[in-house]
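To get the numbering used here, take the position in the sequence shown, counting from 1, and add 16.
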Amino acid sequence: MLLSDLITECDDDIDKLSSVLKLLDATVKYIHSKGYFIIDFDPKKIILVAKNPNLANFGKIIAPVDYDPRGDININIYQMAKIGLFSFNHIQADGNMNQAHFNFIVENLKNFNQNGNIPSEIYEYYEDLFINGNINYLNDYLDNRKKEEAGRQSGVRKSLVTEAGRALSSTGIQLNSDNNNAYVNILFIPSILTLLYLIGLFIYVFILN
Numbered sequence: 017m018l019l020s021d022l023i024t025e026c027d028d029d030i031d032k033l034s035s036v037l038k039l040l041d042a043t044v045k046y047i048h049s050k051g052y053f054i055i056d057f058d059p060k061k062i063i064l065v066a067k068n069p070n071l072a073n074f075g076k077i078i079a080p081v082d083y084d085p086r087g088d089i090n091i092n093i094y095q096m097a098k099i100g101l102f103s104f105n106h107i108q109a110d111g112n113m114n115q116a117h118f119n120f121i122v123e124n125l126k127n128f129n130q131n132g133n134i135p136s137e138i139y140e141y142y143e144d145l146f147i148n149g150n151i152n153y154l155n156d157y158l159d160n161r162k163k164e165e166a167g168r169q170s171g172v173r174k175s176l177v178t179e180a181g182r183a184l185s186s187t188g189i190q191l192n193s194d195n196n197n198a199y200v201n202i203l204f205i206p207s208i209l210t211l212l213y214l215i216g217l218f219i220y221v222f223i224l225n
């Protein structure tokens with residue numbers, strides 16, 4: 017199905033549009049992996065399929081990346097980002113990208129998300145791309161973000177476990193590998209206190225009286 021038609025069908029469905037942009041990203045990455053790049057980024061000429069993209073679907077709009085591989089790939093990534101930014105704002109975009117387009121986006125990036133109409137993780141990708149100059153595929157950026165978040169959560173859990181262990185140690189309670197020993201250590205102090213109370217009660221009742 018044509019990219020232009022898919023974008024039109026999304027209308028105000030942000031999640032659906034996000035899925036279309038991720039599919040576009042995966043398709044373009046596939047094209048790059050085969051040694052080609054898109055020379056005409058017109059959404060009315062780009063065909064997307066959910067599974068198994070085929071170079072034959074792109075006809076005359078692709079060319080080998082022999083001359084400037086990194087530059088050709090980078091320009092496609094910026095073109096995809098431009099289409100995404102414009103689509104989230106219901107603006108038709110042809111995918112052309114030159115220095116003037118790039119400067120306009122950099123200077124007005126926040127204006128594209130004034131109403132929070134772009135999912136936060138995707139908008140942060142656009143910031144990283146246009147402001148920080150970190151050129152990456154959208155799906156790769158999102159995958160790395162998930163891994164980093166999982167790593168942070170794992171670190172927090174380890175920290176909490178460590179702090180809990182320190183707190184228990186400060187009370188004099190030892191957690192041994194043997195569960196029975198752990199229970200004995202925890203119950204030992206209350207048992208001694210109970211025994212002392214009974215001895216005191218015995219002395220009071222039978223000796224002092």
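We put the CB at the ideal spot given by N, CA and C, even for glycine.
Computed from a prediction, not measured in an experiment: that's the story for all the values here.
| query | result |
| --- | --- |
| Taking C-alpha atoms, which residue in Tyr141, Ile55, Asn70 lies nearest to Thr43? | Asn70 |
| Please classify Pro80: does DSSP put it in a helix, a strand, or coil? | strand |
| Looking only at its chain, what residues have a beta carbon closer than 7 Å to the beta carbon of Leu227, apart from the 5 residues adjacent to it on each side? | Outside the shown range of the chain, which is 17 to 225, sits residue 227, and nothing can be said about it. |
| Rank Phe146, Gly51, Phe57, Ala109 by C-alpha distance to the C-alpha of Val81 and give the top, closest one. | Gly51 |
| Under the three-state reduction of DSSP, which class applies to Asp29: helix, strand or coil? | coil |
| Excluding the 5 residues preceding and the 5 following Phe53 in the sequence, name in chain order all residues of the same chain whose CB lies nearer than 7 Å to its CB. | Ile47, Ile78, Ala79, Val81, Asp88, Ile89, Asn92 |
| Would you mind stating whether Gln95 and Phe57 have Cβ atoms separated by less than 8 Å? | yes |
| Find out if the Cβ-Cβ distance for the pair Ile151, Leu145 is shorter than 8 Å. | yes |
| Mind checking who Phe128 pairs with in its DSSP beta bridge? | Partner(s): none; Phe128 has no beta bridge. |
| What are the boundary residues of the alpha helix (DSSP H) that Tyr52 is part of? | No alpha helix (DSSP H) holds Tyr52; the beta strand (DSSP E) holding it covers 52 to 54. |
| Just reading off the alpha helix (DSSP H) that Gly87 is part of, what are its end residues? | 85 to 104 |
| Among residues of its own chain, excluding the 5 on either side of Asp110, which ones have a beta-carbon nearer than 8 Å to its beta-carbon? | Phe57, Asp58, Pro59 |
| Can you round the beta-carbon distance between Leu125 and Glu143 to whole angstroms, since I take them to be within the 8 Å contact cut? | 7 Å |
| Between Pro135 and Ile30, is the Cβ-Cβ spacing less than 8 Å? | yes |
| Could you check which residue in Cys26, Glu140, Leu211, Ile215 has the C-alpha nearest to that of Gln108? | Cys26 |
| Going by DSSP, which residues form a beta bridge with Leu18? | Ile63 |
| On the criterion of 16 or more Cβ atoms from any shown chain inside 10 Å, does Val36 qualify as buried, or is it exposed? | buried |
| Taking the alpha helix (DSSP H) that Leu145 falls in, what are its first and last residues? | 136 to 146 |
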